[in-house]
Amino acid sequence: MQTIDQILGELQRFSGPDYVAFVSMFLLCIGIGIYFGFMNKSVSEDDYMLGGRKMLVVPIAFSLVASFISGITLLGLPTEVYSYGTQYLYVSLGVLGMVFLMSVFFLPVFHDLNITSTYEYLETRFDRRLRLYGSVMFVIMNIAYLPIVIYVPALAFNQVTGIAVHTITPIVCIICVFYTSLGGLKAVVWTDVVQAISMMGALALVAIKGSLDIGGAGVVIDRAWKTSRLEAPDFNPDPTVRHTFWCLFVGGTIYWTQTNAVSQNMIQRYLSLPTLADARKALFIFCVGVLILMGLCSYNGLLIYATYENCDPLTTKLAKARDQLLPLFVMDTLGELPGMTGLFIAGVFSAALSSLSTCLNSMSAVVLEDFVKPYVKKPLSNSATNWIMRLVVVGVGALCVGLVYVVQHMGTVLQLTMSLEAITNGPLFGIFTLGIFLPWINGHSALLGGVMGVLAMSWVTLNAQWAIASGAISYQTKSLNVDQCDYSFNSTSLSHNSNHSVGALAQDIFPLYRISYMWYTSLGAAITIAVALLSSFVFGKNNPNKIDPVLLTPCIRKYFSFGSATVVNAYKTDLNIPMQHKLRSDEVAL
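Residue 251 in the working numbering sits at position 233 of the sequence shown; the count goes up by one each step and never skips.
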């Protein structure tokens, strides 16, 4: 009987055609960066960051999809469905809820303001302290997130080739930094288009070939049904249950709205379109694209279970990490077809590259607009802004490569980083919500709310992660067995079978630490808003009628009389240059 090492040695068949397919994707990205870098030598700040606000709807929509779906999602979602079933898929209702909230309430405000950094809004609506607060939260989250974005697909590459993680990550980062710094947003968007197509193609290829190998999609569905992996919505109101209809719909709506409506990484794409109508079209296409990708990832999770139903590779340690389950399946399914494994890995790295390039481009915008311009005495020259933006991309890219070493040698950093996301997302969303919906809230109240939100979410999420890491909290998986494995493995792993029930110590854990992670963003936003409302009795309130109406969502404007509403003057305080904002005719009537 073969050992695990022997099987892995046979499966690692990354041949010449695979390398050709893999490298071709990188060469195409480099070519796009060179084209936009050298064909447009005189690039203004607006061109570099926002494509001159003349980008096309479809490329932007593809870019949004590619930017949002990282390699973590491509590798993590199939494993989620494999282990826990399809309950998570009801988060798609949250995606639809996000489309409504964003298109009606958030997009009109940011598009009317004609800003570059979303955190400019916080200064105009409140004061500079809030702008700095938002920018610092954004930078911290991205610096913590970027190493994981590139490390996870590098693990997949290591699984199929045996090449060390630290051999491939610097190469990938250098390529991404090159085309991002050279071509700006236009290069990022058009490489995202290539990468989105690559992602969808890779997932579809795996789904089709894998289904044919086991007898068709009917077999996949039948085996999933027999093991209760196909699930109806769970309407349990208990907030400590990991996935229920309520946390996935309500919590998912708030999470997706925060990620799309106020995050610089995403909103920068919408602001690159010439009109609000175009931004809404891109949002709808983005929604369809994300749902298709989520469906493909989830089907692949069910397909992996149908293939390994009698020999779970996670239990036997054939897949040494959860994120290596899909790459293992790809090697097993596509390895015999020249170039196919290379196409899949190219798709996974496409997801990583698109997320990385998006973050790098957004970081350059935030650093320039929020950390440089407000503190210089005279306007920067075009040459100076170009150098600053490119140096930020290079510097953050280099930092990303260095932090990959930290991620590898400190396993808890992965959990810590996901906690950091929850810590910052909720309070930031709460502050933006205060800004566009509650005109009487002033900067003092909003800042106190934001600070208290971060402290509260730090307390909740870090304690929750500690409880999970210590084993005090665990979650029950669907049935997994190793009854018919045709290779030898360490049977002691069976004593730690992944089919856990909720830990016996879980009842002793403080209830707030046990709430579903899907509620974290909502909880952080709720704490921020509640503290701000209460503190307004201490710090006083704004006169709502004196707030610039363009800073409020359109449906709120009709409840206040702002005097003359034909022309609204807002100011880019970092440049001290007035910008004229004309409300649409329907808003004037309000």
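Cβ atoms here follow ideal geometry from the backbone N, Cα and C, with glycine treated the same way.
Own chain residues within Cβ distance below 6 Å of residue i, not counting five before or after
| i | result |
| --- | --- |
| HIS462 | PHE557 |
| LEU344 | LEU93, PRO96 |
| ASN318 | PRO96, VAL224, ALA225 |
| ILE272 | THR539, SER540 |
| ALA550 | LEU452, ILE459, SER463, ALA464, GLY467 |
| PHE367 | PRO171 |
| ALA214 | PHE80, VAL83, ALA84 |
| PRO251 | TYR108, PHE263 |
Counterpart residues of residue i in DSSP-defined beta bridges
| i | result |
| --- | --- |
| GLN20 | TYR505 |
Segment limits, alpha helix (DSSP H) that includes residue i
| i | result |
| --- | --- |
| THR198 | 183 to 232 |
| HIS12 | Nothing in the structure corresponds to residue 12, since the chain is present only between 19 and 608. |
| GLU138 | 136 to 143 |
| ALA174 | 146 to 179 |
| TYR323 | 294 to 325 |
| GLY542 | 538 to 557 |
| PRO77 | 75 to 86 |
| VAL237 | 235 to 244 |
| ASP130 | 125 to 131 |
| SER368 | 358 to 384 |
| TRP458 | Careful: TRP458 lies outside any alpha helix (DSSP H) and carries neither H nor E. |
| ILE565 | Note, ILE565: premise wrong, no alpha helix (DSSP H); not H, not E. |
| ILE533 | Segment: none, ILE533 is in no alpha helix (DSSP H) and carries neither H nor E. |
| PHE118 | 110 to 119 |
| ASP350 | 343 to 352 |
Spatial distance of residue i from residue j (CA atoms)
| i | j | result |
| --- | --- | --- |
| VAL224 | LEU352 | 7 Å |
| LYS391 | PHE450 | 22 Å |
| ALA182 | ASN176 | 6 Å |
| PHE528 | ILE90 | 30 Å |
| ALA544 | ASP145 | 22 Å |
| ALA416 | GLU249 | 44 Å |
| GLY234 | VAL348 | 17 Å |
| GLN433 | GLN483 | For GLN433, the pLDDT reaches just 48, beneath the cut-off of 50, and the residue's location in the model is therefore unreliable, although a value from the coordinates is still provided. Those two C-alpha atoms are separated by around 7 Å. |
| TYR106 | VAL394 | 48 Å |
| PRO35 | ASN508 | 35 Å |
| ALA337 | GLN20 | 16 Å |
| ILE192 | ASP210 | 17 Å |
| GLY413 | GLY180 | 29 Å |
| ALA324 | CYS503 | 14 Å |
| ARG143 | SER553 | 18 Å |
| MET120 | ALA295 | 13 Å |
| MET312 | GLY219 | 14 Å |
| ASN563 | PRO457 | 8 Å |
| SER519 | GLY103 | Only weak support is given to the placement of SER519: the predicted model assigns it a pLDDT of 45, under 50, and the value that follows is read from those uncertain coordinates. Approximately 15 Å, taken between the alpha carbons. |
| VAL422 | GLU439 | 18 Å |
| PHE124 | TYR288 | 11 Å |
| THR359 | ASP501 | 29 Å |
| PHE56 | GLY471 | 45 Å |
| PRO126 | CYS265 | 27 Å |
| GLU98 | SER110 | 15 Å |
| GLN50 | ILE78 | For the record, residue 50 in the displayed sequence is Ile; it is not Gln. About 16 Å. |
Cut-off 8 Å between Cβ atoms - residues of its own chain near residue i, not counting five sequence neighbours on either side
| i | result |
| --- | --- |
| SER516 | Its pLDDT being 44, under 50, SER516 is placed unreliably by the model, and the measurement read from it follows with that caveat. Contacts found: SER101, ASP330, LEU332, THR333, THR495, LEU498. |
| VAL308 | VAL83, PHE86, ILE87, VAL113 |
| ALA339 | LEU173 |
| SER216 | MET43, LEU361, ALA364, GLY365, SER368 |
| ILE232 | VAL238, LEU321, ALA324, THR325 |
Beta-carbon proximity list for residue i, same chain, < 7 Å, skipping 5 on both sides
| i | result |
| --- | --- |
| ASN283 | SER85, THR376, CYS377, SER380 |
| GLU327 | ARG241 |
| SER33 | PRO356 |
| LYS299 | VAL75 |
| ARG260 | TYR493, SER534 |
| LYS188 | Here the sequence assigns Pro to residue 188, which means Lys is not the residue at that position. Counting only Cβ-Cβ distances below 7 Å, and skipping sequence neighbours, we find VAL419. |
| GLY136 | Before going further, note that residue 136 is Thr rather than Gly in the sequence given. The residues are PHE128, VAL280, GLN282, ILE285. |
C-beta atoms of residue i and residue j nearer than 8 Å
| i | j | result |
| --- | --- | --- |
| ILE303 | VAL117 | no |
| ILE166 | VAL385 | no |
| ALA370 | ILE168 | yes |
| SER290 | ARG71 | yes |
| LEU346 | SER229 | no |
| SER81 | THR258 | no |
| GLN276 | LEU446 | yes |
| PHE44 | GLY201 | no |
| GLY269 | TRP477 | no |
| GLY115 | PHE267 | yes |
Proximity test, residue i beta-carbon vs the ligand MN heavy atom, cut-off 7 Å
| i | result |
| --- | --- |
| GLY202 | For the structure depicted, the ligand MN is absent and the ligand set is empty, with no information on it obtainable. |
Short CB-CB distance (under 8 Å) between residue i and chain C
| i | result |
| --- | --- |
| LEU125 | Among the chains in the structure shown there is no chain C, since it carries only a single protein chain. |
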